[in-house]
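Colleague: Add 3 to a position in the sequence shown, counting from 1, and you land on the number used in this note's numbering.
Questions regarding the structure given below will be posed in turn.
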Amino acid sequence: MNKPDSDNWHKIGLFGGTFDPIHHGHLIVAEWLQHELQLKKVFFIPNYIHPFRKRSDIVQPEHRLKMTRLAIRNFDDFEVSDFEIRKGGVSYTIDTIEHFKERFPNARIYYFIGVDNLSEFHKWRRYRDILNEAQLVVYNRPENAPTVDLPRDKIMFLKTPLIEISSTMIRERLKQNKPVKSLLPAPVYDYICEHGLYR
Ligand code: ATP
């Protein structure tokens with residue numbers, strides 16, 4: 004396992020997702036990894052079009068962006084990037100990493116993925132370049148992680164607390180008129196109610 008850098012490089016974390024909607028599970032991961040890796044900032048990056056997932060009912064990117072902004076507004080070390088949404092089209096991680104490398108030429112970039120994404124990682128566009136240009140951080144249940152034929156020395160495995168909340172669960176509960184208020188930050192909940200999302 005790679006050790007976190009101990010020097011004074013600026014280290015930033017990138018956390019991509021559909022965030023449809025963002026929930027406490029996402030915030031727990033980001034806060035935990037930010038501290039464990041001593042990152043200067045964590046950028047939440049809502050995607051425009053996910054390369055694999057073909058759900059047709061994803062809410063508009065502007066709503067997802069606003070909800071993500073609302074969710075992180077009390078966290079000093081978190082920021083939202085609208086790069087993928089502004090770029091449009093399919094959101095490929097390598098493009099995002101290259102954008103951040105240009106924006107922060109001296110930073111070491113940590114890219115977070117959940118262990119559930121690892122088995123497909125070798126299908127990501129230019130995945131070898133991702134591994135060379137950023138430090139891949141795989142969180143949760145590291146002991147069970149299948150790495151296919153990925154070079155294990157390029158992947159950092161970290162444990163975070165697990166909370167069984169997903170955006171899918173929240174969307175389904177809202178559709179069924181079941182309560183979700185405790186599953187996401189209050190301003191996100193209010194935003195969903197105000198705009199009648201996921202009904
Ligand atoms: P969906 O249910 O729509 O697939 P999701 O809740 O998994 O959504 P994404 O927007 O796909 O949310 O999340 C981005 C990343 O956050 C993914 O890599 C996913 O593994 C991770 N993630 C989602 N929910 C949790 C959770 N409860 N704990 C830890 N990581 C999570």
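All C-beta atoms, glycine included, are put in the ideal place defined by N, C-alpha and C.
(1) Report the residue from Asn109, Glu101, Leu40 whose alpha carbon sits nearest the alpha carbon of Lys162.
(2) Am I right that Arg129 and Ile97 are in contact with their C-beta atoms under 8 Å? What's the rounded C-beta distance?
(3) The ligand ATP and Asp85: does the residue's C-beta get closer than 6 Å to at least one heavy atom of that ligand?
(4) Could you give the DSSP three-state label for Pro145: helix, strand or coil?
(5) Quick check: the Cα distance between Phe103 and Ile112, rounded to an integer number of angstroms?
(6) Can you determine whether any heavy atom of the ligand ATP sits closer than 6 Å to the C-beta of Gly16, and answer yes or no?
(7) Under the criterion of a Cβ to heavy atom distance below 6 Å, does Asp119 qualify as lining the ligand ATP?
(8) CA-CA distance, Asn120 and Ile15?
(9) Can you say whether Thr171 is buried or exposed, counting buried as having 16 or more other CB atoms within 10 angstroms of its CB?
(10) For the region 48 to 58 against the region 184 to 202, are there 3 or more C-beta pairs whose distance is under 8 Å?
(11) Measuring alpha carbon to alpha carbon, tell me which of Glu123, Ile75, Thr21 ends up nearest Glu87.
(12) Quick one: is the Cβ of Ser170 within less than 6 Å of any heavy atom of the ligand ATP?
(13) Whose C-beta lies closer than 7 Å to the C-beta of Val93 among residues of the same chain, with five residues either side of it excluded?
(14) Tell me which residue opens and which closes the alpha helix (DSSP H) that Leu134 is part of.
Modeller: On the basis of the supplied data:
(1) Of the listed residues, the one whose Cα sits closest to Lys162 is Leu40.
(2) The Cβ separation is near 4 Å, so the contact holds.
(3) Answer for Asp85: no, Cβ out of range of the ligand ATP.
(4) Caution is warranted here: a pLDDT of 49 is assigned to Pro145, below 50, making its placement in the model unreliable, and the coordinate value is therefore given only provisionally. In the three-state scheme derived from DSSP, where H, G and I count as helix and E and B as strand, Pro145 is classed as helix.
(5) Separation of Phe103 and Ile112 (C-alpha to C-alpha, rounded to the nearest whole angstrom) is 8 Å.
(6) The ligand ATP never approaches Gly16 closely enough for any of its heavy atoms to be under 6 Å from the residue's Cβ.
(7) It does: the Cβ of Asp119 is within 6 Å (strictly closer) of some heavy atom of the ligand ATP.
(8) Going from the Cα of Asn120 to the Cα of Ile15 covers about 21 Å.
(9) Exposed.
(10) Put simply, the region 48 to 58 does not touch the region 184 to 202. Fewer than three CB pairs are less than 8 Å apart.
(11) Ranking the options by Cα distance to Glu87, first place goes to Thr21.
(12) Correct: Ser170 has its Cβ closer than 6 Å to the ligand ATP.
(13) Ile52, Pro54.
(14) Residue range 130 to 136 is occupied by the alpha helix (DSSP H) that includes Leu134.
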